[in-house]
Each structure stands twice: as structure tokens, then as C-alpha cells.
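Novice: In our numbering, the protein residues as written are 39 to 259. Ideal Cβ positions, reconstructed from N, Cα and C, are used throughout, including at glycine. Source: prediction; values computed, not measured.
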């Protein structure tokens, strides 16, 4: 006997079954957990390598290409994206969805460690992390005005950052596009020769004496 025929022959039974389904459905809906930012393990691993004062071309050839080549052979890789900037190399490895991210991250760490001998000796230790959406910024603010860019940058870094960071719900503040102040030094070649010095000697002296030596970059022609 079909369900419609059974319902017609026993209307009371049909009503009771329908009512029970509605009640249990409502109770189940009330107990359903909902999270605004659920914990999700995305199969993505990021590799960041820094090298002081290295140009984007040098970062790309000496570091980014080496890291990409090392992690390309890791099992389960879907595709790789990279970006080379001054002093920073960022390589992002995307794995297939069925890949266990914890195992994948360990494999990436092993691959980068094995390739360490092919990387420059003066780099900082590579930072390998899982991409967690909960750690990504949830608000972007843009500053603009008639003042020079370096003044806007100073205001953002020295004043605005502290004001925003003081808000209880704020976990951190990051900036992009700031213009750092720089000092240019022109060296007299003849005077260098008279003192038996090279341009790199001047660079090393500046790096040793400056309180924020890591922010210095020196170029010669």
C-alpha cells in the first residue's frame, strides 16, 4: 500500500506522523550549531623567506625559484603561486582538498629543509605556516590626503596604529604601501681611493653604526 493511500485510510495516523516530523525537525533546528567563523583547515601552506636588502630580481632567482622547485614534488600539490618583493619571497602551495594539511605541511618543511643548501647563506630561516582564514584581516582601511605620502605613512605608523590596536576586539594591525624615509649617500670616488677604501666599506660602516641597520640598503655603480 502506498503512503498516500495509507494516509487517506488512516487520517489520524497521517496527522500524527506529520506532527512528529515537524516537532523533531524543530528540535533539531534549535540544537543546530552555527558559527560565524567556523574552524576550517584549508589545504594551503605558505612559505616566507626574507633576505636583507635583496632586490626583487635577486629574491626571485636565488630564493623563490629554488623553493618552488623544492615543493613542486610534494605529494598532492594542486598548484603553486609566488611573489618576490624587495627582501621578501612568498610562495603559496595549494593542495588538493583530500590532502591532509598537517601531513602536507610536514612534507613541505622537509622539502624546504632539503633545499636549504641551495639557498643563500645570509637568508633568515624560512617561515612555513598553514593558511588560516581566522588569522586574515577582516577590515581594510585606506588613507589618502593632500599631504605627502611619507607624512601620511608616519601618521599611520606612529599614531593611528596605536589608536586602533588599543581597541579591545582588535587582534593586530598591519600596514601595506607605507613609504619609509630613506637617506642617500653619494660617495666621492677620489676620496675613497685616497683613503684606500671601497664603497662597500662605507656601506658596512653605516650598517654597523645605525640603530636600525636592517632597514638599510646600499647600492653602488
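Check whether the stretch 92 to 110 touches the stretch 177 to 195, taking contact to mean three or more Cβ pairs, one atom from each stretch, closer than 8 Å.
Specialist: no
Novice: Can you tell which of 135, 125 and 113 has its C-alpha closest to the C-alpha of residue 86?
Specialist: For residue 86, the nearest C-alpha among the options comes from 125.
Novice: Tell me whether residue 220 is buried or exposed, calling it buried when 16 or more other Cβ atoms sit within 10 Å of its Cβ.
Specialist: Residue 220 is exposed by the Cβ-count criterion.
Novice: For residue 142, is the classification buried or exposed, using 16 other Cβ atoms within 10 angstroms of its Cβ as the cut-off for buried?
Specialist: Buried, since its Cβ has 16 or more Cβ neighbours within 10 Å.
Novice: With DSSP run on the structure shown, which of helix, strand or coil describes residue 145?
Specialist: helix
Novice: If I measure Cβ to Cβ from residue 137 and keep anything under 8 Å in the same chain, skipping five residues before and after, which residues do I get?
Specialist: 81, 113 and 114
Novice: Count the other CB atoms within 10 Å of the CB of residue 56; is the residue buried (16 or more) or exposed (fewer)?
Specialist: Exposed, because fewer than 16 other Cβ atoms sit within 10 Å of the Cβ of residue 56.
Novice: Around the Cβ of residue 166, are there at least 16 other Cβ atoms within 10 angstroms (buried) or fewer (exposed)?
Specialist: buried
Novice: Residue 96 lies in the alpha helix (DSSP H); which residues open and close that run?
Specialist: Its alpha helix (DSSP H) spans residues 94 to 97.
Novice: Between residue 237 and residue 109, what straight-line distance do the alpha-carbon atoms span, to the nearest angstrom?
Specialist: 38 Å
Novice: Output the boundary residues of the alpha helix (DSSP H) element that contains residue 79.
Specialist: Unbroken run through residue 79: none, as it is neither H nor E.
Novice: Would you tell me roughly how many angstroms separate the C-alpha atoms of residue 199 and residue 83, rounded to the nearest one?
Specialist: Counting only the Cα atoms, residue 83 lies some 29 Å from residue 199.
Novice: Where residue 176 and residue 168 are concerned, what is the direct C-alpha to C-alpha distance, given to the nearest angstrom?
Specialist: 18 Å
Novice: To which residues of the same chain is residue 146 closer than 8 Å at the C-beta, ignoring the five residues directly before and after it?
Specialist: 83, 85, 109, 112, 131 and 166
Novice: For chain B, check one thing: does any of its Cβ atoms lie closer than 8 Å to the Cβ of residue 114?
Specialist: Here chain B cannot be found, since the structure has a single protein chain.
Novice: To the nearest angstrom, report how far apart residue 231 and residue 223 are at their CA atoms.
Specialist: 17 Å
Novice: Could you compute how far the alpha carbon of residue 241 sits from the alpha carbon of residue 158?
Specialist: 20 Å
Novice: By DSSP's criteria, residue 180 is part of a beta bridge. Which residues make up the other side?
Specialist: Answer is none; residue 180 lacks a bridge partner.
Novice: Taking Cβ to Cβ, would you say residue 119 is nearer than 8 Å to residue 94?
Specialist: no
Novice: Would you report the Cα separation of residue 162 and residue 91, rounded to the nearest angstrom?
Specialist: 12 Å
Novice: Does DSSP classify residue 40 as helix, strand or coil?
Specialist: In the structure shown, residue 40 sits in coil (DSSP, three-state: anything other than H, G, I, E or B).
Novice: Which stretch, first to last residue, makes up the beta strand (DSSP E) that contains residue 133?
Specialist: 126 to 133
Novice: Pick helix, strand or coil for residue 111, following the three-state DSSP scheme.
Specialist: Correct three-state label for residue 111: coil.
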